[in-house]
Amino acid sequence: MMTPPRMPVTYLRHYIPYGMRRETALVATFRGEFHLYNQIDPDQYYNAASATHPLHAAAFKNVIKTYICPSYPYESQDSLGYGYVHYGATVYTDIVIYPGQGGSTVPVGERDKVYARQRGTLDNMPPSLVQIQDGTSNTFLITDDGARRENYITNPAYLDPATSLGIAIDQGAAFPTRRFWRWGEQDSGFGVSGDPLLDTVTTNFLIVNNNFSSPGSDGPNGCWKLVNNCGPNDEIFSFHPGGANAVFADGHVQFIQQSIPPVVAASLTSRSGGEVIPNY
651 MMTPPRMPVT
661 YLRHYIPYGM
671 RRETALVATF
681 RGEFHLYNQI
691 DPDQYYNAAS
701 ATHPLHAAAF
711 KNVIKTYICP
721 SYPYESQDSL
731 GYGYVHYGAT
741 VYTDIVIYPG
751 QGGSTVPVGE
761 RDKVYARQRG
771 TLDNMPPSLV
781 QIQDGTSNTF
791 LITDDGARRE
801 NYITNPAYLD
811 PATSLGIAID
821 QGAAFPTRRF
831 WRWGEQDSGF
841 GVSGDPLLDT
851 VTTNFLIVNN
861 NFSSPGSDGP
871 NGCWKLVNNC
881 GPNDEIFSFH
891 PGGANAVFAD
901 GHVQFIQQSI
911 PPVVAASLTS
921 RSGGEVIPNY
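Residues in the sequence shown are numbered from 651 upward in steps of one, following this note's numbering.
Below, the structure is given as structure tokens:
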């Protein structure tokens, strides 16, 4: 196994449909960024002004080096100055792992968004350790997802809450969906589904590093930017040759080969599916 670069013990909750808590700020504290932590209002969206913390919004325009993958040689901020994040919580998977899963009639190894969806470690409310029934050493927490860049298309249903409330101080209505490339974004977790342009049972299907291309591009035919789940657009992805890094729920870091079968990656994503994990 190749030696991975340093991975951040990051946000511990970046896909937060409830409240506006800022676990990213807690990690900033862990990394010695106390000045940023003290500037942040934990009860306000990152892209809205705070009545109690005057530097709140500006804090998220700092680049935290730990959040930037060293294999990505280009910009680390978007055009408005918000710092990027190249890692994300694997919050769910929708790959069918065993026959009839959840009542699914879809063959094993293929996607079923309705019946095969399983929670990852940090999906919805953060679980207690006993809820990670598959074992913390067998369950992804955070993986590479670098480098998501400015204005990558996301699911149109994922609306930016500050924009919806009319209090956003960034793009506002011009870009109404979540800006998941920013470390301040509450919804930068993603599902593990793999290449959206190929069926999971096709020969060239990859669940890690799908549609790989040079870091200076936006993928083949611009698909990283234009198609959700293509390349680094909300999937496990890195510019490390042959795979990507994953932090598991017990804290260990492992390099995941891009040849990993979809069923195995899905099993490592689910937190309580009861799967037997083969060697990978």
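Beta carbons are placed, not taken as given, at the ideal position from N, Cα and C, and that holds for glycine.
Per-residue DSSP class, three states only, for residue i
i: residue 929; result: coil
i: residue 739; result: strand
i: residue 752; result: helix
i: residue 809; result: strand
i: residue 689; result: helix
i: residue 915; result: helix
i: residue 668; result: Bear in mind that the predicted position of residue 668 carries a pLDDT of just 30, short of 50, making it unreliable; the figure below should be weighed with that in mind. Coil, per DSSP.
i: residue 896; result: strand
i: residue 708; result: helix
i: residue 781; result: helix
i: residue 609; result: Because residue 609 is not part of the residues shown, which for the chain are 651 to 930, the question remains open.
Within 9 Å, strictly: CB atoms of residue i and residue j
i: residue 733; j: residue 832; result: yes
i: residue 742; j: residue 792; result: no
i: residue 698; j: residue 819; result: yes
i: residue 805; j: residue 827; result: yes
i: residue 617; j: residue 796; result: Any question about residue 617 goes unanswered here, given that the chain covers just 651 to 930.
i: residue 794; j: residue 890; result: yes
i: residue 867; j: residue 735; result: no
i: residue 904; j: residue 862; result: no
i: residue 803; j: residue 756; result: no
Residues near residue i in its chain [Cβ-Cβ closer than 7 Å; skip 5 each side]
i: residue 702; result: 691
i: residue 879; result: 843, 846, 885
Among the options, nearest to residue i - alpha-carbon criterion
i: residue 835; options: 913, 786, 858, 811; result: 811
i: residue 714; options: 707, 727, 817, 722; result: 727
i: residue 817; options: 700, 688, 684; result: 700
i: residue 800; options: 838, 875, 739, 881; result: 875
i: residue 860; options: 853, 881, 877; result: 881
i: residue 921; options: 696, 705, 739, 711; result: 739
i: residue 924; options: 709, 788, 723, 774; result: 788
i: residue 914; options: 729, 891, 928, 696; result: 928
i: residue 724; options: 864, 782, 918, 756; result: 864
i: residue 772; options: 899, 908, 906; result: 899
i: residue 829; options: 908, 774, 696, 891; result: 696
i: residue 813; options: 689, 802, 694; result: 694
heavy atom of the ligand GDP below 8 Å from residue i C-beta
i: residue 717; result: In the structure shown, the ligand GDP is absent, as is every other ligand, since no ligand is present at all.
Cβ shell of residue i (< 8 Å), same chain only, five flanking positions each side left out
i: residue 850; result: 745, 759, 760, 761, 844, 857, 912
i: residue 855; result: 844, 845, 848, 849, 912
6 Å Cβ shell around residue i - same chain, five flanking residues per side excluded
i: residue 754; result: 746, 762, 765, 766
i: residue 768; result: 743, 920, 923
i: residue 730; result: 820
i: residue 709; result: 686, 689, 690
Proximity test, Cβ basis, 9 Å: residue i and chain D
i: residue 918; result: You won't find chain D in this structure, because it holds only one protein chain.
Whole alpha helix (DSSP H) elements within the segment 793-857, 4-residue minimum: 811-814
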